[in-house]
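Line order of the protein sequences matches chains A and B. Just add 3 to the spot in the first sequence (first one is 1) and you have my numbering. Just add 156 to the spot in the second sequence (first one is 1) and you have my numbering. Where is the CB? At the ideal position from N, CA and C, for every residue including glycine. The model shown is predicted, which means the values in this text are computed figures rather than measured ones.
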Amino acid sequence: RKEVEQDPGPFNVPEGATVAFNCTYSNSASQSFFWYRQDCRKEPKLLMSVYSSGNEDGRFTAQLNRASQYISLLIRDSKLSDSATYLCVVNRSGGYNKLIFGAGTRLAVHP
Amino acid sequence: DTGVSQNPRHKITKRGQNVTFRCDPISEHNRLYWYRQTLGQGPEFLTYFQNEAQLEKSRLLSDRFSAERPKGSFSTLEIQRTEQGDSAMYLCASSSGTSAGELFFGEGSRLTVL
């Protein structure tokens, strides 16, 4: 079993749709949590951190449930430019950024 | 451009040959990481440097793989006696001690082993 599991998708949604991605992690000692975005043939980039209290950045909302070891990302009012792969990421180390990535969920937003 | 720089961007080699990749991190970052990514998968952690010290190596890093960061600046990743299973994108990333969770990745070096 992989340490970080995600639904691979693809999610094909029309512009304006709301889409939710889910992720589970197996190591209860994981320290911190993130969503990264990776465009086709590009490097991953940090999208947002994820906190237990939930956090929002514009159209993006991330949530963490430590008890269930579950992370989510909600995208509202999808744009064509949101098309990408969304990587769920956990930081296993408290001392440095040893990031463990999920396989990613691919999103395709169409007109 | 002051981002993470990797070269070569593409390398095609025959099985059994040695290859070396170079990474130049963001200049003020003391932490450097190597990851490997194959099609349809997320990046997999290979190794981590803090300054010139290699502090962690993944079990994925067989004895054919060696990484160095001799002066705490640029890093090299060498693969000896390449195998077809080594074909992947090799990503380098850097971070400062304060950037919690944020790694700055280079565009990667794509290796194809024939």
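Is it true that the CB of residue j sits closer than 8 Å to the CB of residue i?
{"i": "Ile78 of chain A", "j": "Arg62 of chain A", "result": "yes"}
{"i": "Tyr191 of chain B", "j": "Leu247 of chain B", "result": "yes"}
{"i": "Ser33 of chain A", "j": "Ala256 of chain B", "result": "no"}
{"i": "Tyr28 of chain A", "j": "Ile74 of chain A", "result": "yes"}
{"i": "Asn100 of chain A", "j": "Arg187 of chain B", "result": "yes"}
{"i": "Leu90 of chain A", "j": "Pro47 of chain A", "result": "yes"}
{"i": "Gln66 of chain A", "j": "Gly107 of chain A", "result": "no"}
{"i": "Glu8 of chain A", "j": "Ile103 of chain A", "result": "no"}
{"i": "Glu208 of chain B", "j": "Gly228 of chain B", "result": "yes"}
{"i": "Arg178 of chain B", "j": "Gln193 of chain B", "result": "no"}
{"i": "Phe37 of chain A", "j": "Ser52 of chain A", "result": "yes"}
{"i": "Val22 of chain A", "j": "Ser81 of chain A", "result": "yes"}
{"i": "Ser243 of chain B", "j": "Glu184 of chain B", "result": "no"}
Kindly give me the distance between the Cβ atoms of residue i and residue j, rounded to whole angstroms, as I take these residues to be in contact under 8 Å.
{"i": "Pro181 of chain B", "j": "Ser250 of chain B", "result": "3 Å"}
{"i": "Thr232 of chain B", "j": "Thr169 of chain B", "result": "That belief does not hold up - the Cβ atoms of Thr232 of chain B and Thr169 of chain B are roughly 16 Å apart, past 8 Å."}
{"i": "Arg165 of chain B", "j": "Glu263 of chain B", "result": "7 Å"}
{"i": "Asn25 of chain A", "j": "Asp10 of chain A", "result": "6 Å"}
{"i": "Phe221 of chain B", "j": "Val160 of chain B", "result": "At roughly 20 Å, the Cβ-Cβ gap does not stay under 8 Å, so Phe221 of chain B and Val160 of chain B are not in contact."}
{"i": "Val269 of chain B", "j": "Gln236 of chain B", "result": "That pair is no contact at about 12 Å."}
{"i": "Ser214 of chain B", "j": "Phe201 of chain B", "result": "5 Å"}
{"i": "Ala223 of chain B", "j": "Gln210 of chain B", "result": "6 Å"}
Please determine whether the Cβ atom of residue i lies at a distance below 7 Å from any heavy atom of the ligand NAP.
{"i": "Thr194 of chain B", "result": "Absence of the ligand NAP is noted for the structure shown, with no ligands found whatsoever."}
Which residue marks the beginning of the beta strand (DSSP E) containing residue i, and which one marks its end?
{"i": "Cys91 of chain A", "result": "87-94"}
{"i": "Lys101 of chain A", "result": "Careful: Lys101 of chain A lies outside any beta strand (DSSP E) and carries neither H nor E."}
{"i": "Thr254 of chain B", "result": "Where Thr254 of chain B is concerned, there is no enclosing beta strand (DSSP E), given that its DSSP letter is neither H nor E."}
{"i": "Tyr54 of chain A", "result": "Note, Tyr54 of chain A: premise wrong, no beta strand (DSSP E); not H, not E."}
{"i": "His185 of chain B", "result": "From DSSP, His185 of chain B is part of no beta strand (DSSP E); its letter is neither H nor E."}
{"i": "Ala20 of chain A", "result": "No beta strand (DSSP E) contains Ala20 of chain A, which DSSP labels as neither H nor E."}
{"i": "Thr108 of chain A", "result": "108-113"}
{"i": "Arg266 of chain B", "result": "265-269"}
{"i": "Leu77 of chain A", "result": "73-78"}
{"i": "Gln210 of chain B", "result": "209-213"}
{"i": "Gln162 of chain B", "result": "161-163"}
{"i": "Lys5 of chain A", "result": "Lys5 of chain A -> no beta strand (DSSP E), and no H or E assigned at all."}
{"i": "Asn68 of chain A", "result": "63-68"}
{"i": "Ala223 of chain B", "result": "221-224"}
{"i": "Gln108 of chain B", "result": "Outside the shown range of chain B (157 to 270) lies residue 108 of chain B, about which nothing can therefore be said."}
{"i": "Leu233 of chain B", "result": "231-235"}
Pull out every residue of the segment 90-103 of chain A whose Cβ sits closer than 7 Å to any Cβ of chain B, in chain order.
Leu90, Asn94, Tyr99, Asn100, Lys101, Leu102, Ile103
At a Cβ cut of 7 Å, what residues of the segment 21-38 of chain A count as close to chain B, listed as they run along the chain?
Ser35, Phe37
Could you name the residues of the segment 7-21 of chain A whose beta carbon sits closer than 9 Å to any beta carbon of chain B, in the order they occur along the chain?
Val7, Gln9, Pro11
Chain-ordered residues of the segment 193-206 of chain B with a beta carbon less than 9 Å from chain A
Gln193, Gly196, Gln197, Gly198, Pro199, Glu200, Phe201, Tyr204, Gln206
Cβ pair count under 8 Å reaching 3, the segment 101-112 of chain A against the segment 7-26 of chain A:
yes
Name the residues in the segment 244-259 of chain B whose C-beta lies less than 7 Å from a C-beta of chain A; which are they?
Leu247, Ser251, Ala256, Gly257, Glu258, Leu259
Under 8 Å (Cβ pairs) to chain B, residues found in the segment 44-58 of chain A
Lys45, Glu46, Pro47, Lys48, Leu49, Ser52
Please list, in chain order, the residues of the segment 75-91 of chain A that have any C-beta partner in chain B closer than 9 Å.
Thr88, Leu90, Cys91
Output, in sequence order along the chain, the residues in the segment 172-188 of chain B whose CB is closer than 9 Å to any CB in chain A.
Arg187
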